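Residue numbering for the sequence shown is 8 to 756, as defined by our numbering.
Virtual Cβ for every residue (Gly too), placed ideally from N, Cα, C.
None of the values given here were measured: they were computed from a predicted structure.
This report refers to the structure that appears directly beneath it.
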Amino acid sequence: MFEILGYADEWTVAPGDRISFKVHCQSPMALDMDIVRLRCGDTSPGAPGLKETVVVPSVGESIRGIQQYTEIGSRAVVPAFPESQSILRSWVLAIMPTLPRTDHEQTILSRSGGEGGSGYRLGIDTTGQLFWEQMLNGDKQRLTLQIPLIPRQWYLVSVSIDAASGMVSLSQYPKNVLLASNTADSGRMEFSKSGAEEYDALPLVFGAMPTGLEQPGYCDHYNGRVDSPTLLPYRAESSDLHQLLTETTARRFSLPPLVSFDFSIGIDSDRIVDTARAWSEGRIENVPTRGVPGLRWDSTVMNWQEKPDHFGALHFHDDTLEDANWETTIDYVIPDELSSGLYAARFSGPNGEREWVTFIVRPKPGGPRKKIAFLMSTATYMAYSNSHYRIDEDGMEMKAGNFMVLYPWDTYLGEHRELGLSLYDTHSDGYGVYYASRRRPVFSMHIKCRAWSLNADTRYLDWLDEKGFDYDVISDDMLHEEGLEALRGYNVVMTGAHPEYWSTRMWQAMVAFQQQGGRLMYMGGNGFYWRCAYHPEKPWLMEVRRTETGARYSETPAGESYHSYTGEYGGTWRRIGIPPQTLVGVGTTATGFDASSYYRRRPESYDERVRFMFEGVDEEIIGNFGSAGGGAAGDEIDRVDYRLGTPAHALVVARSEKHTRYYNVVPEETTYHHPTINGEEAKHCYADLVFYECVNGGAVFSTGSITWGASLSWAEYNNNVSRITENVLRRFADDTPFEFPAFTLSEEL
């Protein structure tokens with residue numbers, strides 16, 4: 008499996024747009040390519056299975072399929088510059104190693120032409136000891152300190168070089184001697200004499216060592232933070248090191264620095280700025296983390312925008328990926344006649360190998376719109392991307408309440424970690440992942456994989472086609488880019504099963520849509536949960552900071568809760584102060600993955616306002632069937648909460664019951680841990696089926712469950728879940744406005 012693997016440079020395109028497909032083959036082979044429309048990609052037991060239709064056959068034949076290379080690990084690169092002709096010079100900087108002992112050496116800063124060349128580097132060896140290394144025509148000399156560095160502690164480091172004598176002094180001093188006591192160390196060594204002019208043609212690199220090769224371009228990546236790297240034209244003293252503890256503008260060195268990088272400038276960009284040389288900049292590569300506390304952070308502020316100087320650090324990792332940068336295998340221009348929907352470039356090898364590279368065709372800008380729009384949760388797909396947490400995290404079997412099944416994509420990702428991480432994973436140094444990219448193969452966009460992201464949403468596309476609805480497909484990416492304009496012209500927007508991640512722009516657009524009379528069908532659970540942010544210049548990059556609460560696999564440390572891309576406070580929308588109940592009437596209450604349950608109708612379901620919803624539905628029990636755990640209410644479930652903004656006139660027409668002990672209420676629902684937090688004992692562990700009218704003829708319908716869509720196709724699409732969904736969609740697509748009801752007060756208020 009996965010003899011062929013690929014991705015597209017864009018996930019959402021319009022007729023007339025060019026899309027580039029980048030394909031990797033385990034061994035070189037000739038590939039054929041068709042364009043197929045995907046109706047369903049869910050091949051899990053009891054699901055509809057793969058449904059595809061070839062719409063553009065033989066787009067390419069005997070295409071050259073090659074092996075592609077992916078390089079991971081973050082760095083910052085500064086173009087070559089004259090270092091100095093002075094005999095004495097020194098590097099002074101602050102470092103916080105986060106994983107000083109690894110199976111590979113780590114480079115903190117370097118100027119090197121690679122093996123066989125000349126240069127120098129400051130690094131950490133595999134035992135966690137700081138070293139300085141100089142290379143002259145391939146010959147290496149190294150000075151290593153004796154006391155290992157303590158993880159996650161700040162150190163002041165200096166390297167003083169006497170070019171005339173060859174003498175080099177290296178020192179490390181912990182900022183906080185109480186936490187890293189007895190780890191101060193220094194040493195001296197005489198190196199072969201060499202002048203700075205030998206380095207003038209070499210780039211300066213932070214966080215990695217150049218190899219001088221095309222692939223890999225860098226090695227020995229550093230796990231940790233760097234703050235205020237400064238090159239002085241004299242031998243550094245203790246007083247020079249302590250200047251780093253003061254604000255950048257208040258430093259008083261004996262002579263002006265030759266180089267002085269202030270990483271607190273341009274935190275929301277890819278630039279790093281050298282304040283010692285006019286107009287001198289470098290660039291970060293492969294997403295080192297920005298907007299994190301640096302050497303001078305004193306806990307007085309949590310927002311990097313208030314005191315940027317306190318956040319003057321870059322955090323490097325050896326396992327980050329911004330862009331796989333694969334060669335383009337084939338370009339394709341979307342035909343004008345290709346209707347909006349989910350598609351794939353289907354690549355076929357000579358021996359039956361197959362790969363589907365999925366993409367979304369949106370309506371043409373300014374073109375006609377259908378009355379129905381299905382909103383694909385591309386932000387959520389990116390968040391889960393190439394997740395490893397099912398294998399990496401302890402206790403996953405206990406959390407799920409069943410034995411773990413390893414699927415082919417699990418093992419493949421475990422063997423190919425160069426494809427990058429998801430926002431649910433942790434870096435090799437234990438810090439949570441903040442950035443995710445779509446410019447790489449992303450398994451949450453892969454059909455016939457885990458029915459959680461894209462595949463869960465194809466259940467709705469399959470149902471829409473089965474019922475004969477005419478609809479457009481739009482995406483989170485499109486909604487974020489265009490705002491309200493992306494929703495203009497639609498009567499109703501229908502979400503997928505798990506629209507968990509929303510940017511501020513997306514949220515504002517949906518609120519405006521509702522205010523103008525738009526109808527929203529929220530067809531999932533755990534939706535509108537985390538705030539995300541997109542890179543201001545690179546829309547293929549997304550950021551998430553998980554703050555003080557929420558169901559999460561890693562905790563964002565203090566001082567790191569504000570997105571570097573936008574400066575916005577991260578975390579759950581509930582914590583931000585705009586709970587999902589204000590948008591769709593319900594919000595996350597619990598998660599559980601062993602079995603799904605059903606809904607029981609409530610007296611409100613017989614209200615005249617929802618008569619249309621239950622036409623043809625006589626049963627009291629709704630959704631006691633389905634291909635995801637056996638029921639329509641499961642995995643992650645939402646409920647009303649009038650304290651958090653559920654409209655007072657909302658009708659809870661059905662409520663789930665009898666969830667198991669493996670369903671646990673989310674952290675924000677409890678003030679402290681106690682036994683009564685599971686489905687057997689918790690007071691509020693259920694999903695609510697909700698309807699209410701909005702101003703200007705609009706309305707909202709919410710299922711409050713991820714597994715609702717897994718019940719639609721049951722019994723040949725002839726069941727009460729399917730019937731209720733069809734009744735609601737037909738009414739919501741109709742032009743007749745809903746009447747805003749007279750004031751009513753729920754008994755639960």
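Are the CB atoms of residue i and residue j nearer to each other than 8 Å?
i, j, result
"E507", "A635", "no"
"E329", "N358", "no"
"D234", "A101", "yes"
"Y388", "S444", "no"
"Y467", "I42", "no"
"R538", "G578", "yes"
"G705", "Q521", "yes"
"R361", "A215", "no"
"T282", "T255", "yes"
"L321", "I272", "no"
"R737", "V624", "no"
"G711", "I454", "no"
"I131", "P107", "yes"
"V659", "V647", "yes"
"D484", "G23", "no"
"F366", "L38", "no"
"R512", "G534", "no"
DSSP has residue i in a bridge; who is on the other side?
i, result
"F323", "G231"
"Y339", "I26"
"F698", "L658 and F708"
"I272", "For I272, which the question treats as bridged, DSSP gives no partner whatsoever."
"M142", "G126 and K147"
"F260", "None; F260 has no bridge partner."
"Q113", "I131"
Can you tell me which of the three DSSP states residue i falls into?
i, result
"V617", "helix"
"K153", "It is Gln, not Lys, that sits at residue 153 in the sequence shown. Looking at Q153 - three-state DSSP - the assignment turns out to be coil, as it is neither helix nor strand."
"N462", "helix"
"Y724", "helix"
"E329", "coil"
"Q136", "coil"
"N685", "strand"
"W416", "helix"
"D316", "helix"
"G72", "strand"
"T365", "strand"
"Y438", "coil"
"P610", "helix"
"Y446", "According to the sequence as given, residue 446 is Arg; it is not Tyr. Coil, per DSSP."
"H542", "coil"
"T677", "coil"
"E344", "coil"
"H249", "helix"
"T556", "coil"
Can you give the Cα-Cα distance for residue i and residue j, rounded to whole angstroms?
i, j, result
"P448", "W547", "13 Å"
"S34", "Q74", "6 Å"
"S261", "Y162", "22 Å"
"N310", "G630", "46 Å"
"S604", "R552", "32 Å"
"T589", "R495", "21 Å"
"A170", "F198", "9 Å"
"T335", "D417", "26 Å"
"I684", "Y649", "20 Å"
"N230", "Q113", "7 Å"
"D642", "T598", "6 Å"
"T743", "G532", "28 Å"
Going by CA-CA distance only, name the one from the options that's closest to residue i.
i, options, result
"D436", "P158, D169 and Y225", "P158"
"A380", "P210, G348 and G623", "G348"
"R278", "R297, P264, L265 and P263", "R297"
"L787", "G123, L116 and E122", "In this structure the chain extends from 8 to 756, so residue 787 is not present and cannot be described."
"A740", "Y396, E400, F476 and N726", "F476"
"A602", "E700, G637 and R738", "G637"
"R258", "I274, R242, Y241 and T237", "T237"
"G524", "F747, T105 and V164", "F747"
"V702", "D326, R526 and A463", "R526"
"H228", "G652, M174, I168 and P295", "P295"
"V85", "L152, L211 and R108", "L211"
"P564", "V175, Y441 and F354", "Y441"
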